[in-house]
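Participant: I am attaching a structure below and will ask some questions about it afterwards.
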Amino acid sequence: MEFWLEPIIQGILLGGLYALFAAGLSLIFGVMRLVNIAHGDLIVLSSYVALTTSVMLGLHPLAAALIVVPVMALAGYGLQRLLLNRTMGNDILPPLLVTFGLSVIIQNALLTFYSADPQKLKAGAIETASLGIGPVSVGVLPLIVFMTAVLVIGLLQWMFYHTALGRAFRATSDRQDIVQLMGINRAHIFALAMALALAVTALAGVFLGIRTSFDPAAGGSRLIFGFEAVIIGGLGNIWGTLAGGVILGVAQTLGAKIDPGFQVQAGHLVFLIILAVRPRGLFPRID
Amino acid sequence: MPDQTLSVSRSTRLSTVAMGVLLVIIVVMALAPWWAGRADLRLFGEIFLYLALASLWNLLAGYAGLVSVGQQAYVGLGGYVFFALTLLAGLHPLLAIALAPLIGALIAAPVATLIFRLRGAYFAIGTWVVAEVFRLTAAQVSALGGGSGISLPVSVVTTLASGRFLREALAYWLALGVAVVVIGAVFLFLRSRRGIALMAIRDNELAARSLGIDIWKTKFVVYLVTAGLTTLVGALIFLQKLRISPDAAFSPNDWTAFVIFIVVIGGIGTIEGSIIGTLIFFALRETLADLGTVYLIAMGLAAILIMLKAPSGLWGLVRGRRGLELFPISRRVRGLG
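Dropping the structure here:
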């Protein structure tokens with residue numbers, strides 16, 4: 000029993016990180032129907048920004064997050080206002096191809112500045128600290144990541160349904176044209192959504208960098224994990240995203256228990272099975 | 000009032016001349032083993048294989064609206080099918096190449112039923128997941144070298160043809176042949192009933208459906224044909240390389256990023272665009288070969304700029320409002336005076 004309990008708990012906690020990867024993706028899709036192919040590369044970019052700030056200023060990576068999060072949010076606002084808003088329309092081709100180009104640019108720019116060597120954020124004692132809960136021991140850092148994910152998703156949910164900004168997001172999502180008549184600037188709302196998404200992304204990037212080593216090519220799989228979590232959970236359901244992340248995380252840790260080379264593949268297979276059986280995801284939002 | 004006879008035709012004087020020139024180019028290129036050096040022959044072969052990949056991706060994304068960022072799945076599959084059939088099953092290389100597209104299409108059928116459930120942009124990432132599944136699976140096949148890959152033994156290579164000249168010429172002719180077949184197939188398909196249905200779907204899905212076009216089936220057929228032919232190109236790519244590994248076979252940069260940039264820069268949604276894009280890509284690569292990452296950054300910037308400022312690409316700029324066509328696809332009314 001304990002043999003399986005340990006990886007399941009680890010998988011649940013890993014799912015928190017995947018939910019953070021997915022939350023930004025889900026948010027921008029929900030508000031403006033944009034799928035950002037560069038999402039994974041923006042996560043890895045955040046890890047590198049955290050690396051540079053923590054090394055240059057001698058900060059703990061978690062303290063560096065206080066700088067990385069606003070920096071990435073600002074970058075997100077600029078990115079949407081200056082570039083991505085020009086691609087928004089009925090045709091899905093321009094946003095897809097522009098974010099694809101962006102993905103290749105970010106990856107190769109990171110390769111030029113930081114080389115292909117794997118890097119890691121050094122967080123000291125917290126990396127190895129663990130708590131004994133009953134028969135199993137749980138890492139403190141994965142627990143912090145998971146609780147942050149729950150908090151972030153709870154805040155996003157609250158923001159969506161209980162604030163003026165959330166109302167503007169939902170209204171824009173429903174009718175982009177009518178919302179303009181109500182005095183809402185669509186371009187600004189889109190940019191705010193992207194800023195918020197990249198703030199979450201920055202957090203994910205910091206945690207990713209502390210948990211594992213990363214290199215410029217790591218973005219692709221982060222995008223895929225986030226995407227799988229979104230689809231498993233059900234489009235448009237932000238709590239579903241957390242459930243999707245947890246299912247993906249558990250699938251991966253159980254897969255690794257069977258064979259270390261099977262970890263990532265197990266996650267993909269669970270995703271494909273759910274796509275075959277429940278194409279709308281496990282918890283689709285009822286429209 | 001004089002008799003005015005109206006007629007509808009596809010060809011124009013320009014397109015007739017263009018088709019003639021194209022025929023001459025094909026003949027001249029078919030004779031390349033006798034007039035070009037070994038290095039040039041390799042380069043030409045690579046150009047033709049990229050031309051085929053670009054034309055196929057253009058059919059998929061530019062005409063069928065199926066934007067895939069995971070076509071490396073089929074390039075890699077083709078390479079592995081070719082290696083498995085020759086190395087493990089002991090088939091003649093040419094037979095293995097002939098079987099590759101069938102196997103590719105066969106595997107693409109269940110894949111398509113699965114990922115067609117993902118709409119629009121999410122379909123794109125779904126194709127990427129499939130490519131990753133293929134790559135991870137290939138890495139598990141220890142008989143083909145697992146994660147580190149394997150080379151094609153000399154014994155297999157020599158069964159292709161006896162002398163080196165003939166072998167290299169054969170690999171080149173296969174590359175030229177596949178480019179001609181792919182572009183020819185795309186051209187004939189677009190002129191057919193199904194091709195017109197496809198363009199109708201692209202222009203207005205709702206209107207197309209109301210005319211009785213089965214959208215799912217049309218896209219399914221295009222996906223299958225594209226996957227089969229991409230698998231064939233993959234087999235030929237690794238016949239040229241003579242060595243395969245999961246990372247090289249399923250490389251998103253080599254088989255998808257470059258191909259997308261070629262099509263976008265040349266002009267998405269036209270046959271001519273893919274050809275121009277391929278020529279520009281190789282012209283730049285041959286002059287800026289050493290720049291590596293900078294080259295990819297420049298290509299990415301160029302693609303973004305084109306998508307924003309001239310979404311129909313360089314051919315779109317040449318084509319202008321008159322709608323010049325080298326490949327006669329659209330119908331024109333003549334005799335309106």
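Top to bottom, those sequences are chains A and B.
By numbering that gives the first Met the number 0, the letter at position 90 of the first sequence is numbered 89, and the numbering carries on one by one without gaps.
By numbering that gives the first Met the number 0, the letter at position 231 of the second sequence is numbered 230, and the numbering carries on one by one without gaps.
Even glycine gets a Cβ: it sits at the ideal position worked out from N, Cα and C.
In this text the structure is predicted, and so the values were computed from the model without any measurement.
1. Looking at the C-beta of B/F249, does it have a partner C-beta in chain D at a distance below 9 Å?
2. So within the segment 118-161 of chain A, which uninterrupted beta strand (DSSP E) runs reach at least 3 residues, ignoring any that extend past its ends?
3. Who are the Cβ neighbours of A/D286 in its own chain at under 6 Å, not counting the five residues just before and after it?
4. Report the rounded CA-to-CA distance for A/T51 versus A/G182, giving the unit in angstroms.
5. In chain order, what residues of the segment 300-326 of chain B put their CB closer than 7 Å to some CB of chain A?
6. With a cut-off of 9 Å, does the C-beta of B/Q139 fall near any C-beta of chain A?
7. With DSSP collapsed to three states, give me the class of B/R333.
8. Which residues mark the beginning and the end of the alpha helix (DSSP H) in which B/V140 is found?
9. Can you pull the DSSP bridge partners for B/I149?
10. Helix, strand or coil for B/S10? Go by DSSP, reduced to three states.
11. Whole alpha helix (DSSP H) runs in the segment 166-209 of chain B with 4 or more residues, listed along the chain?
12. What does the Cβ neighbour count give for A/A128, buried or exposed, with the cut at 16 atoms within 10 Å?
13. Taking DSSP as the reference, what is the three-state secondary structure of A/F213?
14. Where does B/V27 land, buried or exposed, given buried means 16+ other C-beta within 10 angstroms?
15. Assuming B/G299 contacts A/I104 under a Cβ cut-off of 8 Å, what Cβ separation, rounded to an integer in Å, is found between them?
16. Which one of B/G44, B/L90, B/M198, B/F164 has the shortest CA to CA distance from B/N57?
17. What does B/V80 touch in chain A if you count any residue whose Cβ is under 7 Å from its own?
18. Distance cutoff 9 Å, beta carbons only. Does B/M298 sit that close to anything in chain A?
19. Given a limit of 9 Å on CB to CB distance, which residues of the segment 96-109 of chain B reach chain A?
20. B/Y121 touches chain A at which residues, Cβ-Cβ below 9 Å?
21. For a quick check, are the C-beta atoms of A/I209 and A/G280 less than 9 Å apart?
22. Between A/L247 and A/F270, is the Cβ-Cβ spacing less than 9 Å?
23. So B/Q71 is in the alpha helix (DSSP H); what residue range does that whole segment cover?
24. Step through the CB atoms of chain A and report whether any lies within less than 9 Å of the CB of B/L76.
25. Who are the neighbours of B/L55 on chain A, taking C-beta pairs under 8 Å?
26. Can you tell me whether B/H91 is helix, strand or coil according to DSSP?
27. Tell me whether the beta-carbon of B/L48 lies closer than 9 Å to the beta-carbon of B/A178.
28. If you run the structure through DSSP and keep just helix, strand and coil, what is B/V156?
29. May I ask you to list, following chain order, the residues of the segment 192-219 of chain B that have a beta carbon less than 9 Å from some beta carbon of chain A?
30. So with Cβ pairs under 9 Å, would you call B/I261 a contact of chain A?
31. Out of curiosity, what's the CA-to-CA distance linking A/A170 and B/A137?
32. Spell out whether any CB of chain A is found under 9 Å from the CB atom of B/G272.
33. Any beta carbon of chain B sitting closer than 9 Å to that of A/P283?
34. When the Cβ atoms of the segment 144-157 of chain B are set against those of the segment 238-247 of chain B, are three or more pairs found closer than 8 Å?
35. I want to see whether chain B comes within less than 9 Å of A/V97, judged by CB atoms only; does it?
Facilitator: In this structure, then:
1. Reference to chain D is not applicable here, since the protein chains of this structure are A and B.
2. 129-132, 135-138
3. Its pLDDT being 47, under 50, A/D286 is placed unreliably by the model, and nothing is read from it.
4. 41 Å
5. L300, A302, I303, M306, L307, P310
6. So, interface residue.
7. strand
8. Counting along the chain, B/V140 falls outside any alpha helix (DSSP H), and DSSP gives it neither H nor E.
9. Answer by DSSP bridge pairing, in chain order: B/I243.
10. coil
11. As far as the segment 166-209 of chain B is concerned, its whole alpha helix (DSSP H) runs of at least 4 residues are 192-202, 204-209.
12. exposed
13. A/F213 falls in the strand class under three-state DSSP.
14. Flag for B/V27 reads exposed.
15. 4 Å
16. B/M198
17. Per Cβ cutoff of 7 Å: no residues; B/V80 is ~20 Å from chain A at best.
18. Answer yes: the Cβ-Cβ gap between B/M298 and chain A drops below 9 Å somewhere.
19. none
20. F28, V34, F226, V229, I230, L234
21. no
22. yes
23. 71-82
24. no
25. Near B/L55 there are no residues of chain A at all, since even the closest Cβ is about 17 Å away, more than 8 Å.
26. Correct three-state label for B/H91: coil.
27. yes
28. In this structure, DSSP gives B/V156 a helical state, which the three-state scheme calls helix.
29. From the segment 192-219 of chain B, no residue has a Cβ closer than 9 Å to chain A.
30. no
31. 46 Å
32. So, not an interface residue.
33. no
34. yes
35. yes
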